[in-house]
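If you use my numbering, the sequence shown corresponds to residues 28 to 301, in order. We put the CB at the ideal spot given by N, CA and C, even for glycine. The model shown is predicted, which means the values in this text are computed figures rather than measured ones. Structure record follows, encoded as structure tokens.
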Amino acid sequence: MPHVTTATGVRLYYETLGDPKAPPLLLIQGLGAQLLGWHPELCAAIADGGFQVIRFDNRDVGLSQKFTAGGYGLTDMAADTAGLLDALGIECADIVGQSMGGMIAQVLALEHPARVRSLGLIYTAPDTYEFAAGADLIEDRMALPRAGNRAEAVESYLRNEASCLSPGYPADLAWLRELGGLMYDRDYDPDGIERQLAAVFDAPDRTESLPRVAVPTTILHGVGDRLIDASAAEALHRAIPNSRVTLFAGMGHELPRPLWSEIVALIHDNIRRA
């Protein structure tokens, strides 16, 4: 299995897709989400633009290292990301992050600017507290009883994902059910998700720092997002000078398959600006 150990001693699991000689494009996942959440068909569509797509498990989820003591922040997770690039011999990459992954991407661009060639920020925010419209939903999700077996874990995952669904698009329940099972098989660790959540809510507001982000940035958000309000996208756009924002009517806190071609085109277009 492809693992790397960063210079700071963090063991991360990763996978690649596409031509290994093509420019690297790194995908960063959100809260509690394993790399599997980047659908392989979506990854293939991104790679078809002439990229080597890299997806990985953040610390504390999937097959990456556990940090049972907690106490880390988004700065540490951004350092993990930079360390992954180091371990893979990559000086600079196009970065795309969704939700918490978009927050990590912002910190990466601020604290490790030489590693970021372009930035894609998908349903994320410059500050957790101001824009977390669904903070109560997240708390409710975390308070649910722990699953005792695979079937219970899958049903719990489906209940959790209900708050992410898009009001204007049909839910791909078959994929979500499959994904829930696959993630359970790889790693079921609600404690790790809680530690990630603490990192998100402990992070400071980045709004005043974001004007330092100079790379081309595309900001994508759903108007129907119940977890992170779409006003977060406008705030990011105001703060990041070289940015463009696209709001999708009917999209929630997910990437509906009917929008994939448009989303991929926007990512590719943004990279061409770099």
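task = Examine the Cβ distances between the stretch 145-160 and the stretch 246-264 and report whether three or more of them are shorter than 8 Å.
result = Contact holds: three or more Cβ-Cβ distances are below 8 Å.
Neighbourhood of R222 by C-beta distance below 6 Å, restricted to the same chain and skipping five residues each side = If you ignore the 5 residues before and after R222, its C-beta comes within less than 6 Å of the C-beta of D87 and G97, all in its own chain and listed in chain order.
ask   = Does the beta-carbon of F78 have 16 or more other beta-carbons within 10 angstroms, so that it is buried, or is it exposed?
value = With 16 or more other Cβ atoms within 10 Å, it is buried.
Among R233, E261 and V242, the one whose alpha carbon lies nearest that of H248 = The residue with the shortest Cα to Cα distance from H248 is E261.
ask   = Which partner residues does H248 have in the DSSP bridge list?
value = Paired residues: L274.
task = Could you tell me which residues DSSP puts in a beta bridge with V123?
result = V123 is bridged to L54 and G147.
message = Please return the same chain residues whose Cβ sits closer than 6 Å to the Cβ of V272, not counting the five positions on each side in sequence.
response = Excluding residues up to 5 positions away in sequence, I246, A260 and H264 lie with their Cβ nearer than 6 Å to the Cβ of V272 in the same chain.
request  = Compare the beta carbon distance of P47 and I117 with 8 Å and say whether it is the shorter of the two.
outcome  = For P47 and I117, no; Cβs fall outside 8 Å.
key: Between the CA atoms of L185 and E179 - distance to the nearest angstrom   = Rounded to whole angstroms, E179 to L185 spans 10 Å at the Cα level.
request  = Would you mind giving the Cβ-Cβ distance between I131 and I55, rounded to the nearest angstrom? I have them listed as a contact below 8 Å.
outcome  = Rounded to the nearest angstrom, the Cβ distance from I131 to I55 is 5 Å, consistent with a contact under 8 Å.
query = Roughly how many whole angstroms lie between the Cα atoms of R204 and Q125?
reply = Distance between the alpha carbons of R204 and Q125: 20 Å.
key: Y196 beta carbon less than 8 Å from that of P283   = Yes, the pair counts as a contact, with Cβ atoms nearer than the cut-off.
request  = Less than 8 Å between the CB atoms is what I'm expecting for L146 and T234, so what's the real figure, rounded?
outcome  = Going by Cβ atoms, the distance from L146 to T234 rounds to 16 Å, so no, they are not a contact pair.
query = Which residues bound the beta strand (DSSP E) around I81?
reply = Counting along the chain, the unbroken beta strand (DSSP E) around I81 starts and ends at Q79 to F83.
Residues of its chain near H295, where Cβ-Cβ distance is below 7 Å and the 5 sequence neighbours each way are ignored = Here the set comprises G76.
ask   = Cβ atoms of V181 and G207: under 8 Å apart, would you say?
value = Contact annotation: G207 and V181 have beta-carbon atoms nearer than 8 Å.
query = Cβ of P29 within 7 Å of any heavy atom in the ligand SAM?
reply = In terms of ligand content, the structure shown is empty, and the ligand SAM therefore cannot be addressed.
key: Assigned secondary structure, L282 (DSSP; H/G/I helix, E/B strand, else coil)   = Coil at L282, not helix or strand.
inquiry  = Please return the same chain residues whose Cβ sits closer than 7 Å to the Cβ of G89, not counting the five positions on each side in sequence.
reply    = For G89, the CB contacts under 7 Å within the same chain, skipping 5 residues up- and downstream, are Y40, Q61, L62, R213 and D214 in chain order.
request  = Taking 8 Å as the cut-off, decide whether the C-beta atoms of A114 and V31 are in contact.
outcome  = Contact: yes.
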